Amino acid sequence: MLKLYTAQVCPFAHRCRLALSFGHLESERVEIDLAEIPDWYRRLSPNEKVPLLEHDGHRIWESAIINEYLSDVYSDRGLLPDDPLLRVKFRLAVDWAGNAVIPTFYQVLRNEQADAAERLHKAIADMPQWMSLEGPFWLGDQPSLADAAIYPWFERWNVLEHYRAFQAEWPARVQAWLDAMRQHELVIQEAGDPQRYVKAYARYTTPAKV
Ligand SMILES: N[C@@H](CCC(=O)N[C@@H](CS)C(=O)NCC(=O)O)C(=O)O
């Protein structure tokens, strides 16, 4: 039995919810209130964060590691393509998003660095070169762990528009990806409420405490 400790607003947990969904893997979900993380959960979760997966008596944490674990254990579910070069594309894309998009997303949100918005615009303009040519999904015609790893921040883009009036100019390939993701039933099944994101992200709009 798979049990995922998650939080609706958390993009990292969203990665794992999408992976479970893309793999058609049944799971029990436990919603953790991030505003008031219970003590029992702090004791259970080695990094005191969501997501956390329990499977066959094992605990697995860190969203990217959870997703690779799911792909390894359920290797027949097509979470990653078999082609080693497409798997390289997946790893490069996740690495790129982890450097160029995800930290910059929070810097723009916190209004932390003068050039953050410019860097985010550049990352978006560069994005098609990290994606498959054909699409519409990241690696081809089916959603995979690449989409699961990167899309959660794009579902929360309204937060940047709301707090920072950040307007992205999506290249055609990126727009096609966003459209395909937004219309996919498994993505819709895991989608959050945009207004809830705005409310929850108010706490991330001030500079991070060091
Ligand atoms: N690197 C971790 C990051 C997970 C993370 O930052 N989760 C946040 C919520 S989005 C969390 O649980 N924070 C705990 C807190 O706010 O105290 C992963 O990929 O799983």
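Numbering (my numbering) for the sequence shown: 267 to 476.
Idealized CB from N, CA, C, for every residue including glycine.
Note that the structure is a prediction, hence the values are computed from the model and not measured.
Excluding residues up to 5 positions away in sequence, 424, 425, 428 lie with their Cβ nearer than 7 Å to the Cβ of residue 464 in the same chain. Non-local C-beta neighbours of residue 398 in its own chain, meaning closer than 6 Å and more than five positions away in sequence, comprise 405, 406, ordered along the chain. Residue 453 and residue 314 have their C-alpha atoms spaced approximately 27 Å apart. If you draw a straight line from the Cα of residue 270 to the Cα of residue 355, it is about 27 Å long. The C-beta of residue 286 has 16 or more other C-beta atoms within 10 Å across all chains shown, which makes the residue buried.
Beta-carbon to beta-carbon, residue 470 and residue 375 are separated by about 6 Å, close enough to satisfy the 8 Å threshold. Check the Cα spacing between residue 445 and each of 421, 433, 458, 466: the tightest is with 421. Judged by DSSP secondary structure, residue 451 falls within the alpha helix (DSSP H) whose first and last residues are 451 to 455. Under the DSSP definition of a beta bridge, residue 271 partners with 296, 318.
Within the chosen limit of 7 Å, ligand 1 reaches the beta carbon of residue 314 through at least one heavy atom. Between the segment 349 to 363 and the segment 407 to 414 there are three or more inter-stretch CB-CB distances shorter than 8 Å, so the stretches are counted as touching.
Setting aside the 5 residues that flank it on each side, residue 455 is surrounded in the same chain by 287, each with a C-beta closer than 8 Å to its C-beta; the list follows chain order. Rounded to the nearest whole angstrom, the C-alpha separation of residue 441 and residue 403 is 11 Å. Per DSSP, residue 428 is one residue of the alpha helix (DSSP H) stretching across 423 to 430.
Taking 7 Å as the cut-off, one finds at least one heavy atom of ligand 1 near enough to the beta carbon of residue 330. By the C-beta density criterion, residue 472 is exposed, having fewer than 16 other C-beta atoms within 10 angstroms.
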